[in-house]
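In our numbering, the protein residues as written are 2 to 188.
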């Protein structure tokens with residue numbers, strides 16, 4: 002990971018749209034935190050909004066604060082009570098309901114950013130939203146920011162969605178967004 006961090010410098014991403022994708026445990030949040038820390042160190046702290054969608058439990062993923070103390074130095078929006086649908090749902094209906102509940106909790110934060118954007122937007126665990134939320138809303142966020150950095154699950158380890166179709170929907174949405182990026186980092 003240290004080698005990758007040296008290759009991905011915050012100075013190289015200013016003004017670009019970047020997406021970091023990979024399976025569970027590949028270091029997506031760690032790399033995002035590294036980029037955030039560099040941006041803060043480069044005196045961009047007043048220009049950054051972080052929207053942290055990492056679920057609080059279930060053993061997958063972390064919030065950015067787990068890897069970065071500088072996240073407390075920027076505008077940070079965190080929804081309450083997000084859950085991991087595939088891990089916490091027991092049926093297709095549970096998985097779908099949890100994903101839709103997550104979207105309802107996230108959308109006010111997205112609207113807050115759209116109403117008061119900053120030049121730099123960083124989103125941790127974007128795929129949580131894409132499991133049930135419209136790609137078009139994310140495209141609005143991307144267009145409102147000069148620099149966009151997001152990480153998102155794109156893998157196989159969490160493919161069991163209890164027949165809800167959530168995994169395929171999420172995958173399609175992530176792939177649509179990667180086509181809009183200046184750079185995609187696969188971990």
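The C-beta atom is built at its ideal place from N, Cα and C for all residues, glycine as well.
Environment of residue 2 [buried if 16+ CB atoms lie within 10 Å]
Note that residue 2 scores 49 on pLDDT, short of 50, meaning its location in the model is unreliable; the coordinates nonetheless yield the value given after this. Classification for residue 2: exposed.
When you compare each of 72, 21, 34, 23 to residue 46 by their alpha carbons, which one comes out closest?
72
Would you check if the segment 96-110 and the segment 25-38 touch, i.e. whether three or more CB-CB distances between them fall below 8 Å?
no
Just the C-alpha distance for residue 119 and residue 150, rounded to the nearest angstrom, thanks.
13 Å
Close Cβ partners of residue 90 (< 7 Å) along its chain, the five nearest in sequence each way excluded:
96, 99, 163
Residues bridged to residue 72 by DSSP?
Its beta-bridge partners do not exist; DSSP assigns none.
With H, G and I counted as helix, E and B as strand and the rest as coil, what does DSSP make of residue 184?
strand
In whole angstroms, give me the CA-to-CA distance for residue 79 and residue 52.
6 Å
For residue 92, which residues in the same chain have their Cβ closer than 7 Å to its Cβ, ignoring the five residues on either side in sequence?
163
Beta-carbon proximity of residue 54 to residue 121, cut-off 7 Å:
no
Give me, in chain order, the residues of the same chain whose beta-carbon lies closer than 8 Å to that of residue 39; leave out the 5 immediate sequence neighbours on both sides.
10, 11, 12
Return the bridge partner residues of residue 50 from the DSSP annotation.
76, 122
Can you list, in chain order, the residues of its chain whose CB lies under 6 Å from that of residue 133, leaving out five sequence neighbours each side?
100, 101, 104
Residue range of the alpha helix (DSSP H) that includes residue 153
Element bounds for residue 153: not the alpha helix (DSSP H) but the beta strand (DSSP E), 148-154.
Relative to the alpha-carbon of residue 114, which residue among 143, 137, 28, 135 has its alpha-carbon at the smallest distance?
143
Which residues does DSSP pair with residue 22 in a beta bridge?
153, 187
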